[in-house]
Amino acid sequence: MTVRIATMGMAGCSGCHIALLDIGVKLLDILKDVELVYSYPLVDTKNPIPPNIDVALIEGSIRTEHDKEMAEAMRKQAKFVIAFGACSAHGGVNGLANVFGGKQGVEYVYTKTILMAQKLVPSEHVPQILTNDLRLSDVVKVDFVIPGCPPNPDEIASILTALLSGETPTLSSKSICDECPLERLTEAPAKLRRIHEIPEPDKCLLSQGFLCMGPATRAGCNAECPRRGMPCTGCRGPSETVWDQGVAMLDALAAMEEDEISDFKLPRLAGTFARYTYASSKLDNLRKGVQKE
Ligand code: SF4
Ligand code: SF4
Ligand code: SF4
């Protein structure tokens, strides 16, 4: 039976769609049983969304009224909706705009940055910008999430293959630390270290003082970054047992001396500990609640 698949892009960078193409030759096997009925990089999005879609992959966060309408229209036609990538699943890096409180961030970009010659927030012939960046599940029901910024092509392939065979795909419930080969040290790090410093090989980066988000991040990428000497920045979002990714990381650092942490002048807590999840974090929920009153 042919499965009707659609893909769509909201506020994103198209990187998730590129990851889909990065599946490579295996994509030809997947496409054998697929009819691609609507795809944001291939069709004019002014075309109506066709009916009877089996699986819809939606990339990007919801940033405008138009994004919201398109997501709702796709949900009406699709039996199974996938939040495709970190922006769609958790708000993504776009969500950091919420730190400035909705409209203030938009005004800053259009009126203060040197790239914008007119110094005006556009209001005509453009979709209305929402006050806050939203994840897809804030707007429509989501059936499954493919995490990552961008998602891993092998994982996309195995999830699509499972769906095409009528199986329910699953994600790892563990954390990146559970699949990381680096050796954990028992003592807390003596000081925080910066990204340009060279770590000792084969030793856990967090134990050496690098801000590695591994303990609070969902496994499934085979600890791609730490095994190459780069701290995990948390792009797969919180692991199954983590209540809030940023709060969990602050908790992991609690064993350190307070002076050490404040001396480090963590540039922006949100950008460090909730880089991909701020729009869906408890901190942002609190801010939205306070601003409502
Ligand atoms: S999740 Fe990453 S790769 Fe995908 S649209 Fe967002 S920023 Fe781009
Ligand atoms: S390097 Fe990062 S992912 Fe690996 S064990 Fe240490 S904290 Fe966990
Ligand atoms: S190690 Fe962390 S930042 Fe790197 S791909 Fe995996 S989840 Fe993303």
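At position 178 of the sequence shown (counting the first as 1) the number is 617 in the numbering used here, and the numbers step up by one without a gap. Note that beta-carbon positions come from the ideal geometry of N, C-alpha and C, so glycine has one too. It should be emphasised that the depicted structure is a prediction, and the values quoted were computed from it without experimental measurement.
- The alpha-carbon separation between A662 and P586 amounts to approximately 14 Å.
- Those residues that have a beta carbon less than 6 Å away from any non-hydrogen atom of ligand 1 are, in order along the chain, G451, C452, G454, C455, E498, G499, G524, A525, C526, G531, V532, C588, P589.
- Under DSSP, V473 takes part in a beta bridge, and its partners are V442.
- Under the 10 Å beta carbon count, F539 is surrounded by fewer than 16 other beta carbons and is classified as exposed.
- Residue selection by CB proximity (closer than 5 Å to any heavy atom of ligand 2) returns I615, C616, C619, L621, C643, L644, L645, C651, G653, P665 in chain order.
- Cβ neighbours of G534 within its own chain (closer than 6 Å, five residues either side excluded): D572, Y717, A718.
- Closer than 7 Å to some heavy atom of ligand 3: that does not describe the Cβ of R623.
- Distances from the CB of A709 to the heavy atoms of ligand 3 are all 7 Å or more.
- With fewer than 16 other CB atoms across the displayed protein chains lying within 10 angstroms of its CB, Q567 is exposed.
- Inter-residue distance for K507 and A658 is about 30 Å (C-alpha atoms, whole angstroms).
- Around the CB of Y477, 16 or more other CB atoms lie within 10 Å, so the residue is classed as buried.
- Residue pairing from DSSP places L573 in a beta bridge opposite I501.
- When C-alpha distances from C660 are compared across D690, E546, E618, R623, the shortest belongs to E618.
- The distance from the Cβ of T656 to that of S678 is about 6 Å, consistent with a contact at the 8 Å cut-off.
- T656 has P677 as its beta-bridge partners, per DSSP.
- The Cβ atoms of S597 and A522 do not sit closer than 8 Å to each other.
- Ranked by Cα distance from V442, the first of G448, D472, V532, P665 is D472.
- Exposure of P640 is indicated by the presence of fewer than 16 other C-beta atoms within 10 angstroms of its C-beta.
- By the Cβ-count criterion, R667 is exposed, with fewer than 16 other Cβ atoms from all chains shown falling within 10 Å of its own Cβ.
- No Cβ-Cβ contact shorter than 8 Å links C674 with C616.
- Nearest C-alpha to E626 among L460, K613, G648: G648.
- Here the segment 444-463 lies against the segment 478-488, with 3 or more beta-carbon pairs under 8 Å apart.
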